[in-house]
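> In the order they appear, the protein sequences are chains A and B.
Going by the working numbering, the first sequence runs without a break in its numbering and finishes at 274.
Going by the working numbering, the second sequence runs without a break in its numbering and finishes at 1274.
2 protein chains.
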Amino acid sequence: MDRQGSNHALIFFNQVVDLCYDGGSMYDGVNRYDGVSMRVDVMDDSEFRDIRKLEILAQMTDENFRKLTRRAYVQNFPVRVELITEGEPSDFLHIVLSGSVDLFSAWNGREASLATVRPISTLVLAATIRDAPYLMSARTLEKSRIALIPSKDVRTVFDADNAFARAIVAELAQCYRSVVKNIKELKLRTSLERLANYLLRQQGRAGGEAVFDLDFEKRRLASVLGMTPEHLSRAFKGLQPHGVTVNGTRITIDNRSALEKFARPNPLIDDFSS
Amino acid sequence: MDRQGSNHALIFFNQVVDLCYDGGSMYDGVNRYDGVSMRVDVMDDSEFRDIRKLEILAQMTDENFRKLTRRAYVQNFPVRVELITEGEPSDFLHIVLSGSVDLFSAWNGREASLATVRPISTLVLAATIRDAPYLMSARTLEKSRIALIPSKDVRTVFDADNAFARAIVAELAQCYRSVVKNIKELKLRTSLERLANYLLRQQGRAGGEAVFDLDFEKRRLASVLGMTPEHLSRAFKGLQPHGVTVNGTRITIDNRSALEKFARPNPLIDDFSS
DNA sequence: CGTAACCTTGAGGGCCGTCAAAAAATGTGG
DNA sequence: CCACATTTTTTGACGGCCCTCAAGGTTACG
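1) Between the segment 161-180 of chain A and chain B, which residues of the former have a C-beta closer than 9 Å to a C-beta of the latter?
2) When you check each C-beta in the segment 74-87 of chain A against every C-beta of chain B, which residues fall closer than 9 Å?
3) T1128/B and S1090/B look like a contact to me (Cβ under 8 Å); what is the Cβ gap, rounded to whole Å?
4) Whole angstroms is fine: what's the gap from E217/A's alpha carbon to A160/A's?
5) Label D1102/B either buried or exposed according to how many other C-beta atoms from any shown protein chain fall within 10 Å of its C-beta, with 16 as the threshold for buried.
6) Can you round the beta-carbon distance between E86/A and S113/A to whole angstroms, since I take them to be within the 8 Å contact cut?
7) Under the three-state reduction of DSSP, which class applies to P267/A: helix, strand or coil?
8) Helix, strand or coil, according to DSSP, for A235/A in the structure here?
9) Would D343/A and R155/A qualify as a contact pair, given that the criterion is a beta-carbon distance under 9 Å?
10) Counting only C-beta atoms, is N1182/B closer than 9 Å to chain A at any point?
11) Skipping 5 residues on each side, what residues in its chain have a beta carbon closer than 7 Å to that of R32/A?
12) Does the pairing of the segment 1227-1235 of chain B with the segment 180-197 of chain A give three or more beta-carbon distances under 8 Å?
13) Is there a Cβ of chain A sitting closer than 9 Å to that of G1226/B, yes or no?
14) On the premise that F48/A lies in contact with L57/A, defined as a C-beta separation below 8 Å, what is that separation, rounded to the nearest angstrom?
15) Spell out whether any CB of chain A is found under 9 Å from the CB atom of M1060/B.
16) In the DSSP assignment, the alpha helix (DSSP H) including Q1202/B goes from what residue to what residue?
17) Which bits of chain B does S105/A rub up against, with CB to CB less than 9 Å?
18) Take T272/A as the anchor and find which of F262/A, A115/A, I251/A has the nearest alpha-carbon.
19) Throw me the rounded Cβ distance for the G1243/B and A1258/B pair, which I believe falls under 8 Å.
20) Determine the direct distance from the alpha carbon of V117/A to that of D1270/B, and round the result to whole angstroms.
21) Given a cut-off of 9 Å on the beta-carbon distance, is the pair D254/A and A210/A in contact?
22) How would you list, in chain order, the residues of chain A whose beta-carbon sits under 9 Å from the beta-carbon of N1108/B?
23) Whole angstroms are fine: how far does the CA of M1227/B sit from the CA of Y1073/B?
24) Answer yes or no: does any C-beta atom of chain B fall closer than 9 Å to that of I146/A?
25) What residues from the segment 1120-1141 of chain B come within 8 Å of chain A, judged by C-beta to C-beta, listed N to C?
26) What is the rounded straight-line gap between the Cα of N162/A and the Cα of Q59/A?
27) Using only alpha-carbon positions, find the residue among R256/A, L225/A, R70/A that is nearest to K208/A.
28) Could you tell me which of L1239/B, A1170/B, R1250/B sits nearest to K1261/B, measuring between CA atoms?
29) What whole-angstrom Cβ distance do T122/A and L148/A have, given they're in contact under 8 Å?
30) Of all the CB atoms in chain B, is at least one closer than 9 Å to the CB of A112/A?
31) If you draw a straight line from the alpha carbon of A82/A to that of S137/A, how long is it in whole angstroms?
32) Following the continuous beta strand (DSSP E) through E1209/B, name the residue where it begins and the one where it ends.
33) Determine which residues share a DSSP beta bridge with T61/A and list them.
34) Give me whichever residues DSSP pairs with H94/A in a beta bridge.
35) Measure the beta-carbon distance from G99/A to E142/A and round it to whole angstroms, keeping in mind my assumption that it falls under 8 Å.
36) Going by other Cβ atoms of all chains shown within 10 Å of its Cβ, with 16 needed for buried, is N1266/B buried or exposed?
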């Protein structure tokens, strides 16, 4: 295992040159951001273990795992770096190891957040599998550590390793279902109802406490929920009669049953697990 | 091949008893609909060939195909029959052989169309794979012929047949991407823009003719596009300045380039193929 | 401590939904 | 094929939801 790690180290640094300092490379735009340099690292043992824990990688053979990670590398990105851009070919499968990433899309001068990706999971799996252009762009929401696996290697191993292929099906089916829930929410609920249900879900994730913090800025929350920041601000006021108090990013749910009565949460829209 | 067909015939009729006339079966409610009886048929040779053509079934071994279709059967449904109901366990993988099916969802007294399924493709693949409850309901839009494969058999063969598993990944990735496009459309476009782009797509499907017919009723189109029928009626008027004339279900696009200028179609939202 | 984000608040207006009723289209039984 | 009932579509009036623009307040960060 140690030797693998060392082998990779060399290859990773080759990749650094290719990917970060070459003129025409995918990531050459990164250095725009305040002159912050991206640290590119070997994928060390603990990271190997982290990645291996990913559901889609856990069951595959060691040999195929090695094939998959041979040309892979890990990189640290500062906040607000655009990792991928919609419309471009999907050169890499990205795996978020730490931090968080915003998936968004733009059209005709407008922009909308579509999802947030947290560790440890993948970006743009579907695009990689279909060898199709990205449908969404991605940018870091905070300092993030991200593994990049060449899409071609993913497809090669996908064709060779049945456990990997099956794991990907499960992951994709999960992703599909979560997007369907998103559409249902957009088409069936008003913005006030979406906010109310979001707060209920968030409270659940925060351990059910009556007081908890929003886990990202309101401007983004507005976009995720499909509304403007101004409207979100008013929507919070609109939930006061239903037992919600807001102070900065701190939310207090004084009366959960009242909020539930208004929000009418539904497992077929709000459950993340199934 | 003939012998296969005959063997299945007997099994199908056993299934008929189990599924259509038993008190507690999934489909016993079907006969509610105006006393119309569902015709349940053997899956004859031509239908075998049709199903086999389905991308997700084309590559699998004959033996696994037999396993998959052993307990499967084919049924004719009249218009407006609810085939599946959201929240119920996914007992069958449905394959639309002819006709068309509306996928929709309801919450809190509201209802929205989410997609239309046309031959030859599957419903609820993700639910079947994950052995999870349906997220959407489905009803026939017209007289339809539908094959039903027990979900358990799908999962069994999925575990045994690698070609099948891979084909399902491709199909799921495709479905995922199409749902993402749907979300982008909802979040980034106004209803007028959604209608304009829908007309451009529809014109393409109709062979590019300047005059073509809508392929389903306006009430449903409104729901698919995320608006009310009344608003759709006004939206059509709103597109007149952009070169669109409407007469009943007949659409005339007098000035495609003007419409495109307004609609700004984008392959990352409007392309169905990629 | 100052700059630059972000958040809030107000005013105004456009988009879009609801309700109601008339017109048109569709389906049904004789 | 016609007459009738039903459903769909259209139109009008109205109101609420939600966006835009602008300004002031707050927070975060160098």
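For glycine and all other residues, C-beta sits at the position ideal for the given N, C-alpha and C.
Predicted model, so just to flag it, every value in this text is computed and none were measured.
According to the data block:
1) N162, A165, R166, I168, V169, A170, L172, A173, Q174, C175, Y176, R177, V179, V180
2) E86, G87
3) 5 Å
4) 43 Å
5) buried
6) Not really, about 13 Å apart at Cβ, beyond 8 Å.
7) helix
8) helix
9) Because chain A here runs from 1 to 274, residue 343/A falls outside it and cannot be looked at.
10) yes
11) Confidence at R32/A is low in this model, with a pLDDT of 32, below 50, so the placement of that residue should be treated as unreliable; the coordinate-derived value is given next. Excluding sequence neighbours, R32/A sits near nothing in its chain.
12) no
13) yes
14) Between F48/A and L57/A the Cβ distance is about 10 Å, and since that is not below 8 Å, they are no contact.
15) no
16) 1191-1205
17) V1180, I1183, K1184, K1187, L1188, L1268, I1269
18) Going by the sequence as given, residue 272/A is Phe instead of Thr. Per the Cα distances, A115/A.
19) 4 Å
20) 25 Å
21) yes
22) L188, R189, E193, R264, N266
23) 37 Å
24) no
25) L1125, A1126, A1127, I1129, R1130, A1132, P1133, L1135, M1136
26) 9 Å
27) The residue asked about is misnamed: residue 208/A is Gly in this sequence, not Lys. Measuring from the Cα of G208/A, the nearest candidate turns out to be R256/A.
28) L1239/B
29) The Cβ separation is near 11 Å, so there is no contact.
30) yes
31) Note that residue 82/A is Glu in the sequence shown here, rather than Ala. Approximately 7 Å between the Cα atoms of the pair.
32) Here E1209/B belongs to no beta strand (DSSP E), and DSSP marks it neither H nor E.
33) In the DSSP output, where bridge partners are listed per residue, T61/A has none listed.
34) L123/A, L148/A
35) 5 Å
36) buried
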